[in-house]
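*Asks:*
As structure tokens, this is what we get:
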């Protein structure tokens, strides 16, 4: 039995909402940027690599949010441009760990994995939460996965 999901696109569903989507230039993040903008949101996004097309983002901040300075840059520029934030979607994640099992990993591999998958989100949460509390409204969404491609031959998760 095949089931097809259908939904109608409401161009006003996110009207007036100010949204930041991390990792919004590829994959799931890019799809979120496109969908939220189509629903009327003012969307900001960030990524390490240069943005090739906007797909509805009003603001693009090119930086590495796995670093404290990168995270602060996103908070500062987003608040200045959008005047606040209603929805934060943390969808950045990944691993640069080499294959070969646990013995192939060093402390730097573990720290890199924590910086991109955990601390980047924590820093942005800390940066945007005070303004969300002050406006008495806001949503923070964390999206994560173990890998974006399968099969994972020789994969080692830090």
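Residue numbers (this note's numbering): 596 to 753. For each residue, glycine too, the CB sits at the ideal point set by N, CA and C. If you're wondering where the values come from, they're calculated on a predicted model, not measured in any experiment.
1. Does DSSP classify residue 658 as helix, strand or coil?
2. Look at the Cβ atom of residue 634, then the Cβ atom of residue 680, and state whether they are nearer than 8 Å.
3. Need the endpoints of the beta strand (DSSP E) that residue 721 sits in, please.
4. Out of 639, 703, 640 and 724, which one is the CA nearest neighbour of residue 690?
5. Figure out for me which residue from 617, 731, 722 and 613 has the closest Cα to the Cα of residue 670.
6. Just mark residue 731 as buried or exposed, buried being the case when its beta carbon has 16 or more other beta carbons within 10 Å.
7. Excluding the 5 residues flanking residue 688 on each side, which residues of the same chain have their C-beta closer than 6 Å to its C-beta?
8. So what does residue 671 bridge to, in DSSP terms?
9. Assuming residue 642 is part of the beta strand (DSSP E), what are its boundary residues?
10. So the beta strand (DSSP E) residue 615 belongs to, where does it begin and stop?
*Replies:* From the atom records:
1. Annotated three-state conformation of residue 658 is coil, per DSSP.
2. The Cβ atoms of residue 634 and residue 680 do not sit closer than 8 Å to each other.
3. Residue 721 -> not in any beta strand (DSSP E); alpha helix (DSSP H) instead, spanning 715 to 729.
4. Checked all of 639, 703, 640 and 724; the closest Cα to residue 690 is 703.
5. Out of 617, 731, 722 and 613, the CA that lies nearest to the CA of residue 670 is found in 722.
6. Counting Cβ neighbours within 10 Å, residue 731 comes out exposed, since fewer than 16 surround it.
7. Hits under 6 Å: 712 and 739.
8. Answer is none; residue 671 lacks a bridge partner.
9. Residue range 637 to 642 is occupied by the beta strand (DSSP E) that includes residue 642.
10. Segment 613 to 617, the beta strand (DSSP E) holding residue 615.
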